[in-house]
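Single-structure report; data block below.
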Amino acid sequence: MEDVTGLLDPVWGAVRQEVVGLGLSGARVLRVLDAEGHPVAFVKLVDERARHLVDDLAAEAARLAWLGRLGVPVPEVLGTGVDEGESWLATRALPGRPASDSWPAGERNAVVDLLAGAARELHATPVDEAPFDRSASTVLVEARARAASGLVDRSWAIAGKRGPAARTVLGKLEGAVAALGDGRLVVSHGDFCLPNVLVAGSDAAFVDVGRAGLADPHSDLADMVRSLRSPMNPQFGPASADRFLDAYGRDGIDPERLRLHDLLESFFWPVPEALTPEN
Numbered sequence: 001m002e003d004v005t006g007l008l009d010p011v012w013g014a015v016r017q018e019v020v021g022l023g024l025s026g027a028r029v030l031r032v033l034d035a036e037g038h039p040v041a042f043v044k045l046v047d048e049r050a051r052h053l054v055d056d057l058a059a060e061a062a063r064l065a066w067l068g069r070l071g072v073p074v075p076e077v078l079g080t081g082v083d084e085g086e087s088w089l090a091t092r093a094l095p096g097r098p099a100s101d102s103w104p105a106g107e108r109n110a111v112v113d114l115l116a117g118a119a120r121e122l123h124a125t126p127v128d129e130a131p132f133d134r135s136a137s138t139v140l141v142e143a144r145a146r147a148a149s150g151l152v153d154r155s156w157a158i159a160g161k162r163g164p165a166a167r168t169v170l171g172k173l174e175g176a177v178a179a180l181g182d183g184r185l186v187v188s189h190g191d192f193c194l195p196n197v198l199v200a201g202s203d204a205a206f207v208d209v210g211r212a213g214l215a216d217p218h219s220d221l222a223d224m225v226r227s228l229r230s231p232m233n234p235q236f237g238p239a240s241a242d243r244f245l246d247a248y249g250r251d252g253i254d255p256e257r258l259r260l261h262d263l264l265e266s267f268f269w270p271v272p273e274a275l276t277p278e279n
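Following the UniProt record's numbering, the numbering of the sequence shown begins with 1 at its first residue and continues without gaps.
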């Protein structure tokens, strides 16, 4: 699809678009602007032939609607559909900057504290309905399937990870889930990393929530600690990760569960679309 501005209601004043990027998953993301150059929406598009990407897009739309009903700060869904062989999801643009931006040194601690507060508030969200089970035992079923398909080994090879094959590591993961159990289940982002949190003053909002659901809060904490320590975010680092855990509250954190969710997440590293079994 060349022009996505026509997908939006004229009330949004969309006049032009620009490419945000092409993710490893194969989804295209476009930013839609009004006549003054202000972002009004984002449109994510995936090829209809890539069924798993279409399913991921539908999952994100459903979770945005669910989180919105719970009062969680996420983008409003403006529309979904299929056009010219591509499935699309349009969401309202939210104010703020990704937490992964290059913040001045004097502002970084405040950003980390805001992330911890946003995580605490998300995990304290009252739940009336729970349509999305992301407990460790449920996600483990998906991890087994990915390991059996070869996706995990491919993703590890692309990332330069050395060590035993995924099927060998899977035994360790299964043992950890059996020993620790699912734990306390809360509303979880599912991919709580720096680029997926928008910071606007003292407020935070969440994007890319396609894996949101009820999960052990340690899954989100492990994601953010890994993101803060990542070489991709050199403005932060190990000290910021420690500050994040301190600000969240160490009393409620189990290091063993952090390690479990780090290991579980490694089974879901992305694989470029061209290398997936469907192609």
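The C-beta atom is built at its ideal place from N, Cα and C for all residues, glycine as well. Small disclaimer: the values here were computed from a predicted structure and weren't measured.
- The distance from the Cβ of PRO73 to that of ALA204 is about 7 Å, consistent with a contact at the 8 Å cut-off.
- LEU260 and GLY37 have their alpha carbons spaced roughly 44 Å apart.
- Pairing ASP55 with MET1 gives a Cβ-Cβ distance that is not under 8 Å.
- In the structure shown, ASP3 falls within a coil segment according to DSSP collapsed to helix, strand and coil.
- ASP83 is bridged by DSSP to GLU86.
- Among the bridge pairs identified by DSSP, GLY213 is matched with SER188.
- Pairwise C-beta distances place the stretch 183-194 in contact with the stretch 227-235, as three or more of them are shorter than 8 Å.
- Boundaries of the alpha helix (DSSP H) around PHE244: 238-248.
- Relative to the Cα of VAL15, the nearest Cα in the group THR5, GLY21, ASP9 belongs to THR5.
- Nearest neighbour of PRO131 by Cα position, chosen from ALA157, VAL77, ALA176, VAL187, turns out to be VAL187.
- If you ignore the 5 residues before and after PHE244, its C-beta comes within less than 7 Å of the C-beta of VAL112, LEU115, ALA116, MET224, VAL225, LEU228, all in its own chain and listed in chain order.
- Looking at the DSSP output, THR91 bridges to PHE42, VAL77.
- Exclusion of the five residues before and after ALA99 leaves VAL111, LEU115, LEU194, VAL197, VAL199 as the residues of its chain whose Cβ lies within less than 7 Å of its Cβ.
- Counting only runs that start and end inside the stretch 150-180, the alpha helix (DSSP H) elements of at least 4 residues fall at 151-159, 166-180.
- The beta carbons of ALA147 and ARG167 sit about 6 Å from each other, so the pair counts as a contact at 8 Å.
- Sorting ASP251, GLY13, VAL141, ALA165 by C-alpha distance to the C-alpha of GLY150 places ALA165 at the top.
- When secondary structure is reduced to three states using DSSP, ASP203 falls in the strand class.
- When ALA179, VAL32, VAL46, ALA61 are compared, the shortest CA-CA separation from ALA212 is found for ALA61.
- The beta carbons of VAL20 and VAL32 sit no closer together than 8 Å.
- Taken atom to atom, the span from the alpha-carbon of TRP66 to that of LEU221 is near 21 Å.
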